[in-house]
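Heads up: the sequence shown at position 128 corresponds to 128 in the UniProt record's numbering, and the numbers run straight through without jumps.
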Amino acid sequence: MTNILPPPPPPKMSFQDLFAISKGEHQGVWKDLWNKGTYHYWDRGEASPSLVDFLKDHSEIIQPSSEPLKALVPGCGRGHDVNLFAALGIQAYGLELVESATEIARKHGDTLPPPPSPGTRNYITGDFFSNEWLDRLETKQFDIVYDYTFMVALDPAKGLRELWAERVASLIKPGGVLICLEFPLYKAYDLPGPPWAIRSETYIGLLETVGFERIHHDKPTRYLPAGKDTDMISGWRRK
Ligand SMILES: C[S@@+](CC[C@H](N)C(=O)[O-])C[C@H]1O[C@@H](n2cnc3c(N)ncnc32)[C@H](O)[C@@H]1O
1 MTNILPPPPP PKMSFQDLFA ISKGEHQGVW KDLWNKGTYH YWDRGEASPS
51 LVDFLKDHSE IIQPSSEPLK ALVPGCGRGH DVNLFAALGI QAYGLELVES
101 ATEIARKHGD TLPPPPSPGT RNYITGDFFS NEWLDRLETK QFDIVYDYTF
151 MVALDPAKGL RELWAERVAS LIKPGGVLIC LEFPLYKAYD LPGPPWAIRS
201 ETYIGLLETV GFERIHHDKP TRYLPAGKDT DMISGWRRK
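Set out below in structure tokens:
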């Protein structure tokens with residue numbers, strides 16, 4: 001009698017596996033995830049509590065001036081942090097890679113009360129590294145850029161962190177501020193991403209090289225569980 005064993009169940013694919021098997025076509029994976037509406041991997045349903053507190057503690061960054069302040073959130077996901085900036089009276093722009101993502105963000109934004117003047121919510125589609133989306137905007141530079149889980153979602157092996165730093169510097173007005181919620185600081189370097197491991201020193205190396213000066217480096221009092229109590233939040237002024 002032959003004893004035929006059933007085939008083993010297919011291995012469960014992790015989020016990181018999706019990127020590992022993509023042969024480096026990471027943008028395609030992000031687009032696919034958005035097109036399928038599978039953003040639950042990273043979406044937390046609210047603005048980062050660490051950012052909320054940081055803006056309260058460093059309110060000078062968002063003081064109204066003669067011109068409305070403009071903020072950019074690259075890789076904004078469903079736009080929770082965009083909506084936070086807008087609710088503070090800032091003209092907020094969220095950038096996402098694919099139309100299905102900005103549509104989801106726009107629909108979510110439409111469920112919220114209108115932002116106080118001069119705040120606006122704008123969700124735009126484009127590749128952070130291309131000028132195509134910027135050419136469509138009147139605004140070419142921003143007062144504030146916020147990064148959370150965007151730079152660390154770019155493959156460091158492709159030199160994208162250095163390109164991110166150069167691009168961020170070109171998108172911020174002189175005197176403007178970049179805010180980074182530093183994550184995942186706990187992660188070992190040999191583990192697959194996204195997100196890829198990073199340390200506070202890496203931010204210093206990347207950002208000082210392109211003309212930023214670190215003006216704040218705080219441990220948030222409120223943070224998301226994903227950071228395992230290690231997140232830091234930093235503010236960088238463009239010289
Ligand atoms: C880990 S998710 C984080 C989303 C959001 N920051 C949040 O916290 O919910 C990274 C996002 O970056 C977007 N993204 C990746 N590469 C991009 C690029 N080159 N330009 C614009 N967005 C990009 C992806 O579509 C994805 O939504």
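C-beta atoms are modelled at their ideal positions from N, C-alpha and C, and glycine is treated no differently. Since the structure is predicted, the reported quantities are computational estimates derived from the model, not experimental observations.
Whole-angstrom distance between Asp147 and Gly75, CA atom to CA atom: Taking the first residue of the sequence shown as position 1, residue 75 is located at position 75. Taking the first residue of the sequence shown as position 1, residue 147 is located at position 147. The alpha-carbon atoms of Gly75 and Asp147 are separated by roughly 8 Å.
contact_flag[the segment 215–228, the segment 45–58] where n(CB pairs < 8 Å) is 3 or more: yes
Cβ-based neighbour list, Met151, same chain, cut-off 7 Å, excluding 5 preceding and 5 following: Taking the sequence shown and counting its residues from 1, one reaches residue 151 at position 151. Only Arg161 and Trp164 meet the Cβ criterion.
First and last residue of the uninterrupted beta strand (DSSP E) at Asp43: Working through the sequence shown from its first residue, we reach residue 43 at position 43. That residue, Asp43, is in no beta strand (DSSP E); it is neither H nor E in DSSP.
Range covered by the beta strand (DSSP E) that runs through Tyr189: Reading the sequence shown from its first residue, position 189 is the one you call residue 189. Run containing Tyr189: none; DSSP gives neither H nor E here.
Uninterrupted beta strand (DSSP E) stretches inside the segment 85–128 (no shorter than 3 residues): 91–96 and 120–125
Trp236 - partner residues in DSSP beta bridges: Here residue 236 refers to the residue found at position 236 of the sequence shown. For Trp236, which the question treats as bridged, DSSP gives the partners Leu178 and Arg214.
Cutoff 6 Å; reference Lys187; Cβ partners in own chain excluding five residues on either side: For this step, residue 187 is matched to residue 187 along the sequence shown. The residues are Ala197.
Closer than 7 Å: Cys76 CB and nearest ligand 1 heavy atom: Indexing the sequence shown from 1 puts residue 76 at position 76. Yes - ligand 1 has a heavy atom lying nearer than 7 Å to the Cβ of Cys76.
Whole runs of the beta strand (DSSP E) within the segment 137–174, excluding any shorter than 3 residues: 142–147
Beta-carbon gap between Asp121 and Ala86 smaller than 8 Å: For the purposes of this step, residue 121 is taken as the residue at position 121 of the sequence shown. For the purposes of this step, residue 86 is taken as the residue at position 86 of the sequence shown. Note that residue 121 corresponds to Arg in the displayed sequence, not to Asp. For Arg121 and Ala86, yes; Cβs fall inside 8 Å.
Buried versus exposed call for Met232 [16 or more other C-beta atoms within 10 Å across all chains shown]: Taking the sequence shown and counting its residues from 1, the one referred to as residue 232 is at position 232. Answer is buried; the Cβ neighbour count reaches 16.
Distance between Glu25 and Phe142 (C-alpha atoms, nearest Å): If you number the sequence shown from 1, residue 142 lands on position 142. If you number the sequence shown from 1, residue 25 lands on position 25. Cα-Cα distance, rounded: 29 Å.
Distance, Ser100 Cα to Thr221 Cα: Translated into the one-based positions of the sequence shown, residue 221 becomes position 221. Translated into the one-based positions of the sequence shown, residue 100 becomes position 100. Roughly 34 Å separates the two Cα atoms.
Straight-line gap, Lys36 to Ser48 (C-alpha atoms, nearest Å): Numbered from its first residue, the sequence shown carries residue 36 at position 36. Numbered from its first residue, the sequence shown carries residue 48 at position 48. So the two alpha carbons sit approximately 24 Å from each other.
Coil, strand or helix - Pro72 by DSSP: The residue you call residue 72 lines up with position 72 of the sequence shown. The sequence shown places Leu at residue 72, rather than the Pro named in the question. Residue state, collapsed to three classes: strand.
Nearest to Leu18 (by Cα), restricted to the options Ala92, Trp133 and Leu33: Position 18 of the sequence shown, counted from the first residue, corresponds to residue 18. Minimum Cα distance to Leu18 is reached at Leu33.
Tyr123 CB to nearest heavy atom of ligand 1 below 7 Å: What you label residue 123 is simply residue 123 of the sequence shown in a count that begins at 1. Every heavy atom of ligand 1 is 7 Å or more from the Cβ of Tyr123, so no.
Spatial distance of Gly235 from Val145 (CA atoms): For the purposes of this step, residue 235 is taken as residue 235 along the sequence shown, with counting starting at 1. For the purposes of this step, residue 145 is taken as residue 145 along the sequence shown, with counting starting at 1. When rounded, the distance between both Cα atoms is 10 Å.
Leu51 versus Lys107: straight-line alpha-carbon distance, rounded: Here the question's residue 51 lines up with position 51 in the sequence shown. Here the question's residue 107 lines up with position 107 in the sequence shown. The alpha-carbon atoms of Leu51 and Lys107 are separated by roughly 23 Å.
8 Å Cβ cutoff met for Arg167 and Phe212: The count along the sequence shown starts at 1 and reaches residue 167 at position 167. The count along the sequence shown starts at 1 and reaches residue 212 at position 212. Not a contact, by the Cβ cut-off of 8 Å.
Straight-line Cα distance separating Gly193 from Lys23: Taking the sequence shown and counting its residues from 1, one reaches residue 23 at position 23. Taking the sequence shown and counting its residues from 1, one reaches residue 193 at position 193. Cα-Cα distance, rounded: 14 Å.
Endpoints, the alpha helix (DSSP H) within which Tyr223 is located: Taking the sequence shown and counting its residues from 1, the one referred to as residue 223 is at position 223. Premise fails: Tyr223 is in no alpha helix (DSSP H) and is neither H nor E.
Residue from Ile179, Ala157, Leu171 and Glu201 whose Cα sits closest to the Cα of Asp190: Looking up residue 190 in the sequence shown gives position 190. Closest by alpha carbon: Ala157.
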